[in-house]
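In my numbering, the protein residues as written are 271 to 920.
Glycine included, every Cβ here is placed at the ideal spot set by N, Cα and C.
One structure is given here, and the rest of the page talks about it.
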RNA sequence: GGCGGGAUAGCUUAGUUGGUUAGAGCGUUCGGUUCAUACCCGGAAGGUCGUGAGUUCGACUCUCACUCCCGCUACCA
């Protein structure tokens, strides 16, 4: 194939906190299909993926598992890599943020940015969520000490920290995004970034941490760890040989800037704001395109292990085969909206497209060739009137697929490839080989028909190879040929006349029985539930010990709810009037999600009454109601029934 | 609450700058065929394009209001 230049594609690197499910795996499969396609299309492709392994969350998970962080991430990175390999992905490098070359460069990058004044030393004070690896303002915190994003407990942290001067580069970035409409895809994400972050004014970003040790140290400031996003994003350049001191490798010089960062829509912000700004500061060009793909969702309900409805790529591969998994996720994912996956849908798609249309087409073609010509495919050049249309459909497929892939419309590309196979099935019906076979005078016409079918399948399969590599290999082997180069993919008639196909065609995709499959799925679900229940024994997250005196400082009393209204200016807040014996107070509480105001009037609740009053969205709150929330998101106010209001809790 | 996106046949969805009968695929149904994995081919049924108004000769497409869903963001003593 003619050389069209380099093509550097990356996926987000997977966070090594757990086993990736099909929703995460989708991204690597899509990236692989693009990488393989571009390679076949004449590009010099470099495809990088990997794992993001640092951070406090991993440090804690490792401790819970009784391992060192390194042991922990080695295991998890192994899981990720195994699934990526199982899915037959053709990455050129699997980078880990614990790789020595990456760590060394991140240190250099940090130092360089510090020396040139883009990073400065400041102080950070606030509430920190370990799960999210992020600080939150007090005003953001939920239920007293819960993270607004993930709901886990946050804690006070004050850190001397390094900050990055985002504001300095914001105008340049805004200009860049406006001048390069293709930079953020799909475009709806672009508006989101502009309106929410860039136009209101970018805050400087805290780029170091001192509260834990599992990360890349800032080498000129003992105790400081490089912020995980600065660490993780840098993989795109460190992985191909970037050097912050000016000695970047030839590979880097050739590959950078990346042609495509394929990422989930949830991390578009990091890739289209922070990452470009880091690159600007380093004096490097920006990636050509960031594509924030949608999610693949389990039909109807959220995925959860305790429900046993998490779908993993390896379970799917066991039931359907790797290429069926690849086909489903690539074909079923819409361009912009979230897609749906259920076991039933996978069975349907596999049967109708892979078994019926493709598998059966190959099988019947080879069977007839064996039956009528002992397996020999020869072009006798006896044309029929339907041949021209067939040839047109087959040879024009490449053009359509090329355009789809240009726009990263992978699902549409597959649809266009399958139009070829559908047309070939129709051609069999039109030419009726079994009728031709009855009269020896038609032998040459019959041979030509079989030749056209074989050639059509060869071309269709060559286009399909990027998406279903194993299947494509099997087909061309059965046809005793090779994948057609894209240079020749618009020419019809290059299958070597006189070739002999296999005598024993193997079934490519067996038809699946939905009931049978669902029985097996039930087994998988039960296993998952059992495993989830076993996990529940993990220990409670205890706070530091307090003395009885410290507890005694809190004044908790029983209050009778005499009035309750929705907060006029906040969705999640309710405004209560409570009677504590002789006294009345107004308390605001963030429980509108769980309670209707009218249902609470007349009930008794517990409240801390000596908390310093605050104003929440314009309404004063003179205390805090006590409530409890479990892992499943159930929340209940703490209730008493008989004790009179005003009574103190001890 | 603010910003953005979405709502199209039972299901998954395409609809380019407003222009004649709104496209597919799956499923359903009828017919054809027998080389093939009960497969393939053809036909049909099925949509008041979320609701209501407006602009226009003409609206799935533009404007406004409303309902529901999703994302980001704010509020959660």
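Residue i, DSSP secondary structure in three states
| i | result |
| --- | --- |
| residue 313 | strand |
| residue 412 | Caution is warranted here: a pLDDT of 49 is assigned to residue 412, below 50, making its placement in the model unreliable, and the coordinate value is therefore given only provisionally. Note: residue 412 maps to strand in three-state DSSP. |
| residue 829 | strand |
| residue 439 | helix |
| residue 390 | strand |
| residue 361 | coil |
| residue 637 | helix |
| residue 378 | helix |
| residue 277 | strand |
| residue 718 | helix |
| residue 328 | helix |
| residue 675 | helix |
| residue 912 | coil |
| residue 753 | coil |
| residue 296 | helix |
| residue 732 | helix |
| residue 286 | coil |
| residue 666 | helix |
| residue 433 | strand |
| residue 473 | coil |
| residue 782 | coil |
Beta-carbon proximity check, residue i vs residue j, cutoff 9 Å
| i | j | result |
| --- | --- | --- |
| residue 538 | residue 640 | no |
| residue 391 | residue 430 | yes |
| residue 534 | residue 562 | yes |
| residue 681 | residue 601 | yes |
| residue 863 | residue 842 | yes |
| residue 756 | residue 312 | yes |
| residue 762 | residue 717 | no |
| residue 898 | residue 906 | yes |
| residue 384 | residue 317 | no |
| residue 926 | residue 490 | Any question about residue 926 goes unanswered here, given that the chain covers just 271 to 920. |
| residue 910 | residue 893 | no |
| residue 229 | residue 845 | Because the chain spans 271 through 920 in this model, residue 229 falls outside it and cannot be assessed. |
| residue 478 | residue 506 | no |
| residue 367 | residue 283 | yes |
| residue 664 | residue 609 | no |
| residue 344 | residue 290 | no |
| residue 728 | residue 692 | no |
| residue 376 | residue 500 | yes |
| residue 502 | residue 379 | no |
| residue 211 | residue 530 | Examination of residue 211 is not possible in this model, given that the chain is present from 271 through 920 alone. |
| residue 872 | residue 832 | yes |
| residue 437 | residue 474 | yes |
| residue 292 | residue 455 | no |
| residue 597 | residue 434 | no |
| residue 749 | residue 769 | yes |
| residue 589 | residue 741 | no |
| residue 322 | residue 275 | no |
| residue 295 | residue 342 | no |
For residue i: DSSP bridge partner residues
| i | result |
| --- | --- |
| residue 855 | 848 |
| residue 561 | 455, 532 |
| residue 320 | 365 |
| residue 495 | 479, 487 |
| residue 919 | 826 |
| residue 770 | 646 |
| residue 835 | 845 |
Give a yes or no on contact between the region 647-655 and the region 707-725, applying the rule of three or more CB pairs nearer than 8 Å. yes
Between the region 605-622 and the region 773-792, do three or more beta carbon pairs fall short of 8 Å? yes
How do the region 476-488 and the region 521-528 stand: do at least 3 beta-carbon pairs fall below 8 Å, yes or no? no
Could you pull out every unbroken beta strand (DSSP E) segment of at least 3 residues lying fully inside the region 586-658, listed in chain order? 609-611
The region 910-919 touching the region 844-860, judged by at least three CB pairs closer than 8 Å: yes
Below 8 Å, can you find three or more Cβ-Cβ pairs linking the region 346-365 to the region 296-305? yes
Counting pairs of beta carbons, one from the region 437-446 and one from the region 543-563, are three or more of them closer than 8 Å? yes
Contact the region 730-742 vs the region 677-691: 3+ CB pairs below 8 Å: yes
Could you check whether the region 580-598 touches the region 690-707, counting it as contact only if at least three pairs of C-beta atoms, one from each stretch, sit closer than 8 Å? no
What are the start and end residues of each continuous beta strand (DSSP E) run of 3 or more residues lying completely inside the region 861-910, in chain order? 874-878, 884-886, 889-891, 897-899, 905-907
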